[in-house]
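Let me begin by presenting the structure, written as structure tokens, before commenting on it.
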Amino acid sequence: MLPISQFFPQVIAQLSEHKALVLQAEPGAGKSTALPLALLKDLALQGKKILLLEPRRVAVKAIAYYLAKQLGEKVGERIGYQIKNDRNVSQNTVLEVVTEGILTRRLQQDPELSDIGLVIFDEFHERSIHSDLSLMLCLEVQQALRDDLMLLVMSATIDTQMLSHYMNAAPIVECPGRTFPVATDYQAANSPNEYLDKQVLRAIRSALQDDAHGDILVFLPGQGEIKRCLASAQERYSDNDLLLLPLYGGLSLQKQEQALQKDEQGRRKIIFATNIAETSLTIEGIRCVIDSGLERQMRYDAGSGMSRLETKYISKASAEQRQGRAGRTQAGHCIRLWSESKQQSLSDFQSEEICISDLTQLGLELCLWGNNNYQSIPWLTAPPEAHYNAAMQVLKDLGLLDQQAQVTRLGKLAAKLPVSPRLASMLLSTDKPEDQRVACNLAALLSEQDIFLHNRDTDISRRLNALSDFGRDKAQSLKDYAFHRSRVEQAFSSTQSLQKQLAKLAASKADIEPTIYPADLGKLLLIAFPERLAKQRQAGDGKYLMANGKGAYLNEDDSLFDEPWLVIADCDAQKKEGRIYSAAAIDKASALEVLSEHINEEERFEINPKTQKITGSMQTRIGAITIDSQVISNIPNDAFTQCLAQLVKKQGLSVLNWTQQCDDWLARASWLGQHLENFPSLSKQSLIDDIETWLLPYLSSVSSMNALKKVNILELVKSCLDWNDQQRIESEAPTHYQTPSQKRVPIRYDSDQGPTVSVVLQEVFGELSSPTLAEGRVPLRFELLSPARRPIQTTSDLANFWNSSYFEVAKDMKGRYPKHRWPDKPLEEKAGRSIKRK
Numbered sequence: 031m032l033p034i035s036q037f038f039p040q041v042i043a044q045l046s047e048h049k050a051l052v053l054q055a056e057p058g059a060g061k062s063t064a065l066p067l068a069l070l071k072d073l074a075l076q077g078k079k080i081l082l083l084e085p086r087r088v089a090v091k092a093i094a095y096y097l098a099k100q101l102g103e104k105v106g107e108r109i110g111y112q113i114k115n116d117r118n119v120s121q122n123t124v125l126e127v128v129t130e131g132i133l134t135r136r137l138q139q140d141p142e143l144s145d146i147g148l149v150i151f152d153e154f155h156e157r158s159i160h161s162d163l164s165l166m167l168c169l170e171v172q173q174a175l176r177d178d179l180m181l182l183v184m185s186a187t188i189d190t191q192m193l194s195h196y197m198n199a200a201p202i203v204e205c206p207g208r209t210f211p212v213a214t215d216y217q218a219a220n221s222p223n224e225y226l227d228k229q230v231l232r233a234i235r236s237a238l239q240d241d242a243h244g245d246i247l248v249f250l251p252g253q254g255e256i257k258r259c260l261a262s263a264q265e266r267y268s269d270n271d272l273l274l275l276p277l278y279g280g281l282s283l284q285k286q287e288q289a290l291q292k293d294e295q296g297r298r299k300i301i302f303a304t305n306i307a308e309t310s311l312t313i314e315g316i317r318c319v320i321d322s323g324l325e326r327q328m329r330y331d332a333g334s335g336m337s338r339l340e341t342k343y344i345s346k347a348s349a350e351q352r353q354g355r356a357g358r359t360q361a362g363h364c365i366r367l368w369s370e371s372k373q374q375s376l377s378d379f380q381s382e383e384i385c386i387s388d389l390t391q392l393g394l395e396l397c398l399w400g401n402n403n404y405q406s407i408p409w410l411t412a413p414p415e416a417h418y419n420a421a422m423q424v425l426k427d428l429g430l431l432d433q434q435a436q437v438t439r440l441g442k443l444a445a446k447l448p449v450s451p452r453l454a455s456m457l458l459s460t461d462k463p464e465d466q467r468v469a470c471n472l473a474a475l476l477s478e479q480d481i482f483l484h485n486r487d488t489d490i491s492r493r494l495n496a497l498s499d500f501g502r503d504k505a506q507s508l509k510d511y512a513f514h515r516s517r518v519e520q521a522f523s524s525t526q527s528l529q530k531q532l533a534k535l536a537a538s539k540a541d542i543e544p545t546i547y548p549a550d551l552g553k554l555l556l557i558a559f560p561e562r563l564a565k566q567r568q569a570g571d572g573k574y575l576m577a578n579g580k581g582a583y584l585n586e587d588d589s590l591f592d593e594p595w596l597v598i599a600d601c602d603a604q605k606k607e608g609r610i611y612s613a614a615a616i617d618k619a620s621a622l623e624v625l626s627e628h629i630n631e632e633e634r635f636e637i638n639p640k641t642q643k644i645t646g647s648m649q650t651r652i653g654a655i656t657i658d659s660q661v662i663s664n665i666p667n668d669a670f671t672q673c674l675a676q677l678v679k680k681q682g683l684s685v686l687n688w689t690q691q692c693d694d695w696l697a698r699a700s701w702l703g704q705h706l707e708n709f710p711s712l713s714k715q716s717l718i719d720d721i722e723t724w725l726l727p728y729l730s731s732v733s734s735m736n737a738l739k740k741v742n743i744l745e746l747v748k749s750c751l752d753w754n755d756q757q758r759i760e761s762e763a764p765t766h767y768q769t770p771s772q773k774r775v776p777i778r779y780d781s782d783q784g785p786t787v788s789v790v791l792q793e794v795f796g797e798l799s800s801p802t803l804a805e806g807r808v809p810l811r812f813e814l815l816s817p818a819r820r821p822i823q824t825t826s827d828l829a830n831f832w833n834s835s836y837f838e839v840a841k842d843m844k845g846r847y848p849k850h851r852w853p854d855k856p857l858e859e860k861a862g863r864s865i866k867r868k
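Numbering (the working numbering), first residue to last: 31 to 868.
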């Protein structure tokens, strides 16, 4: 009996009474495989269905098949499923397993979820955008339209109190999971340079020696690491008693099922998997887990509008999930390929997808739902506002929202297509069937992983032609191209599905003018990614500048290397000059045609670093790309001051005729402003911010940097204060301290300890106490020097110094400098020379 079984009555009672429940069940408890059938049997659903949400397509099918098998049925009878381009249900289906995005679409089409009695959010700790959004929308439906709708959120590792609060104080049920202990060892790399595959092989050797039975599950960050580790293991272990298998989302269903099921020949399996094996999937016979501690994560950069794929350490919660895979049916063993100290530094939970991802899809869904105000949206975890605003701007640029963030007709049509808003906008830009076929092929290619095996060339047109050939003659194309079989089949299936859905929308978009005709690959791509138009910096260098301001480059052997213009579909957003992964060529005229509304003309002026004079040009631009530039011969009078202001804000005041005197006066003024409440606050930053007020109006006759050198900047800086405040600086923050011997010593105002003078001790004989500054608020700090002008004492209280520590100082100094004055009564001694008079 699974641990969850004893909690069935409690879960059913809480759902029946409160309509919402948070279930925390440890790995192996049976929450995904046993609880749904118990709820189907005993929960009063009033003739409505159960919707079970899973975070991954592979988990949807695996769980649907498992549940159907428990009922002795085929999938599609009482148990059904739906994922992208694949649905298997019937009129008898009462429990449907779906990916999270499917629920979002159903909510938009049927806000009451009229045929659903219970929504189960499984593995909610993964916190995908769609799970966060669909839970938010379901709660609104429950409160406003369907008080009988039941919501169950399940996870092994999550902040239950936070989730309960968000779900209006929903009750919490906690269920233990694995009943078998898992011994955990830490095997960090032997050196920082040890390759991961070598580290994995060491762990496999250890696991095979320690455990004579049971399969081994190796967690790796991505397909590349899986292929390398699998190849290394195949070289090392050619034993027929071992079966080495990969497991990741891009595999065919048949190969995934081979990894999930026990081997028919009884061989011991070593499965190399990504984090899809972390939750939901039931993998038979695992006794040992080897965990690299790494995962891949997409992270959005709002500045460039692009995402980058990062390899990072997993959270403690994920480490616990992975470890639990070894203790499902018997005592297990977990080998972590990091140190115990590293374990302590792992974050408790992984970052919520909503905080690190592109939000254009989320933004469109929320606008369709009727809530586009960031501040009023009831977020479970609020995304960065800058990311949300950037997404809203993209949707406006695509024509899916108007300037008031209301969904346009085009936006409503785009929301009905199972692709991103960018690709939906592209699909709706064409009209003719042949053009739509090209657009559908392109959307399918961009939605899936690369259909080619071992092909690093970036040209999308090659893949587009190959996919078209696959559609015409599948058998021949499999001979002609090095396809990734399951991916090209998925892409072709997506193309067919998109064509059918576009056909259904044909009547709705009949009066919408096509954006481009006839369809052209570069133009189509530019509709989806207008800010990724790229111009080659110099002919033949393979380096490009995108309209969004980011740089990108191609490898020399790439077929697009010499193309002057590109549209970039995918690029490494992590570096200043990102590597291009996917692109298409486009000619300049076509780019200008598609982006005609994005073309801007503006005057640009700059200070020539060689001549130090102002130059100007009229530039035609698309974002950061200059399309054309014409020299301006008649430079406006205010052009120099405009450029100077930009230069100062970029590089600071040093570009002006800024002297040490300016620094000294500003230090005094700034210090005084910190100590007198009614004195203006001045700083370098405030001067930079207000340069249009105190400097530029006085430079009307200045037109070059050489002429600027003749301007007395200090007097202009002083003019920021009125005459009375300038006089207060002279009296309350003076430049010098005058010793009793009438010697003037400069005061330093840049010290952290306050205004300070460095003076030979004998020069202050007779100075009864420390003078004060800032209207008596701050005593002057003395750095008293030896005859060799080395510091021997610092004090802001001379009176106390003369009565105490002076005598210790004098005693020590007499031995070092016997020819100098160290009197017993310094206050009665005449200030001046240090050396004794003969």
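Ideal Cβ positions, reconstructed from N, Cα and C, are used throughout, including at glycine.
- Annotation for Phe635: the continuous beta strand (DSSP E) segment containing it runs Ile629 to Ile637.
- In the structure shown, the three-state DSSP call for Thr689 is coil.
- Ranking Asn402, Arg297 and Pro414 by CA distance to the CA of Tyr330 puts Pro414 first.
- One Cα belongs to Ser711, the other to Asp602, and the distance between them is close to 45 angstroms.
- Take the alpha-carbon of Gly254 and the one of Ser516: they are about 17 angstroms apart.
- In this model, Gly570 and Tyr583 are separated by some 11 angstroms (Cα to Cα).
- Taking a cut-off of 8 angstroms on C-beta distances, the stretch 316-328 touches the stretch 228-238, as three or more cross pairs fall below it.
- In the three-state scheme derived from DSSP, where H, G and I count as helix and E and B as strand, Thr645 is classed as strand.
- Taking 8 angstroms as the cut-off, the Cβ atoms of Gly579 and Ala654 count as close.
- In this structure, Ala421 lies near Leu392, with their beta-carbon atoms less than 8 angstroms apart.
- Exposure of Lys530 is indicated by the presence of fewer than 16 other C-beta atoms within 10 angstroms of its C-beta.
- DSSP, read as helix, strand or coil, puts Trp595 in strand.
- The Cβ atoms of Ala200 and Leu51 sit closer than 8 angstroms to each other.
- In the three-state reduction of the DSSP assignment, Gln423 falls in the helix class.
- In this structure, Ile344 keeps its C-beta atom at 8 angstroms or more from the C-beta atom of Leu247.
- With fewer than 16 other CB atoms across the displayed protein chains lying within 10 angstroms of its CB, Trp753 is exposed.
- If you check the CB distance, Ala619 and Val597 do not come in under 8 angstroms.
- Rounded to whole angstroms, the separation of the alpha carbons of Leu281 and Gln191 is 38 angstroms.
- Between the stretch 446-459 and the stretch 491-502, the count of Cβ pairs shorter than 8 angstroms is below three; the stretches do not touch.
- Here DSSP, grouped into helix, strand and coil, assigns Asn664 to coil.
- With distances taken between CA atoms, Leu250 lies nearest to Gln327 out of Gln327, Leu182, Leu815 and Lys292.
- Per DSSP, the continuous alpha helix (DSSP H) segment holding Phe522 begins and ends at Arg515 to Leu535.
- Boundaries around Ile743 are those of the alpha helix (DSSP H), Ile743 to Lys748, since no beta strand (DSSP E) includes it.
- Note on geometry: alpha-carbon atoms of Phe37 and Ile150 lie some 16 angstroms from one another.
- Close CB contacts of Ser527 within its chain, under the 7 angstroms cut and outside five residues either way in sequence, are with Asn115 (chain order).
- Counting every other CB atom within 10 Å of its CB across the protein chains shown gives Gly845 a total below 16, marking it as exposed.
- The three-state reading of DSSP puts Ala564 in strand, counting E and B together.
- Assigned with DSSP and collapsed to three states, Phe795 falls in coil, not helix or strand.
- Distance from the CA atom of Gln405 to the CA atom of Tyr418, rounded to whole angstroms, is 11 angstroms.
- The alpha-carbon of Asp245 is positioned some 11 angstroms away from that of Gly296.
- Ranking Ile42, Arg358, Asp842 and Leu447 by CA distance to the CA of Leu182 puts Ile42 first.
- Burial is judged here by how many other beta carbons sit within 10 angstroms of a residue's own beta carbon; Lys61 has at least 16 and is buried.
- The three-state secondary structure of Asp600, taken from DSSP, is strand.
- For Thr824, the enclosing beta strand (DSSP E) has its first and last residue at Pro821 to Thr825.
- Within the model, the alpha-carbon separation for Asn687 versus Ser713 is close to 17 angstroms.
- For Ser337, same chain residues with a beta-carbon under 8 angstroms away, outside a window of 5 residues either side, are Met328, Arg329, Tyr330, Asp331, Ser387, Asp388 and Ala603 in chain order.
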